[in-house]
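Quick notes on the structure that follows.
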Amino acid sequence: MLTHSEQNILEDICRNSKTAILDIHTILGKVYDDELALDLNRQAARYSRMQEKAVDRLLEKGVMPQPIGILERTKRWAAIQAETALNVSTPHVADMMLRANEERVERMHHTVEENPVTDNATCELAEEFLDFEEENLHILKTYL
């Protein structure tokens, strides 16, 4: 049985992973630094694996994760296009991704604090997600 708290955490991991992948794929075409592009591709692959783990846990319990709506996807795409219209420098792109990562970390911390969980697998996945986000923050800071 999946508790409401566990479901909230798993859905947040799914949502955060999906938005990260969407952001990375949107911005990759504007990245001219090969090392940053490689790091972003690695991050996208790892987000995909994290999302799969969370989705698998939800589906095991009969819960269908919510997709990102077309309005949210369009809004994120437009925001990235606007922010990179005049500046696609490596430090600027890294700063954009850094801010997005920080927002995801804050949301995830808030979700974990608001939803106490007793299931070890969900706790481990949330910790893995947060550790991965912290690792991404350190990597992106090297490009500033």
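Quick note on the UniProt record's numbering: the sequence shown kicks off at 1 and runs consecutively.
Ideal Cβ placement from N, Cα and C applies to all residues, glycine included.
Quick caveat, the model's predicted, so the values are computed rather than measured.
Point to revise | Range covered by the alpha helix (DSSP H) that runs through A94 | key: Taking the first residue of the sequence shown as position 1, residue 94 is located at position 94. Residues T90 to E114.
Between T84, H109 and M108, which has its C-alpha nearest M97's C-alpha? Along the sequence shown, one-based indexing puts residue 97 at 97. Considering only alpha carbons, the answer is T84.
To the nearest angstrom, how far is the alpha carbon of H110 from that of K141?
Residue mapping note: residue 110 aligns to position 110 of the sequence shown, counting from 1. Residue mapping note: residue 141 aligns to position 141 of the sequence shown, counting from 1. Rounded to the nearest angstrom, the two C-alpha atoms are 23 Å apart.
If we ignore side chains and look at the alpha-carbon of each, how far apart do E135 and D39 end up? By 1-based counting over the sequence shown, the position of residue 135 is 135. By 1-based counting over the sequence shown, the position of residue 39 is 39. If you take the alpha carbons of E135 and D39, they lie about 11 Å apart.
Is S89 buried or exposed, if buried means 16 or more other CB atoms sit within 10 Å of its CB? In the sequence shown, counting from the first residue as 1, residue 89 sits at position 89. Looking at its Cβ environment, which holds fewer than 16 other Cβ atoms inside 10 Å, S89 is exposed.
- If we call anything under 8 Å between Cβ atoms a contact, is I68 one with T26? For the purposes of this step, residue 68 is taken as the residue at position 68 of the sequence shown. For the purposes of this step, residue 26 is taken as the residue at position 26 of the sequence shown. Against a cut-off of 8 Å, the Cβ pair of T26 and I68 comes out as no contact.
In this structure, how does DSSP classify V63 when only helix, strand and coil are distinguished? As a first step, residue 63 must be located in the sequence shown, where it is residue number 63. Here V63 sits in coil by DSSP.
- Item | Under 8 Å between C-beta atoms of L71 and L10 | In the sequence shown, residue 71 corresponds to position 71, counting from 1. In the sequence shown, residue 10 corresponds to position 10, counting from 1. No, the pair does not count as a contact, with Cβ atoms beyond the cut-off.
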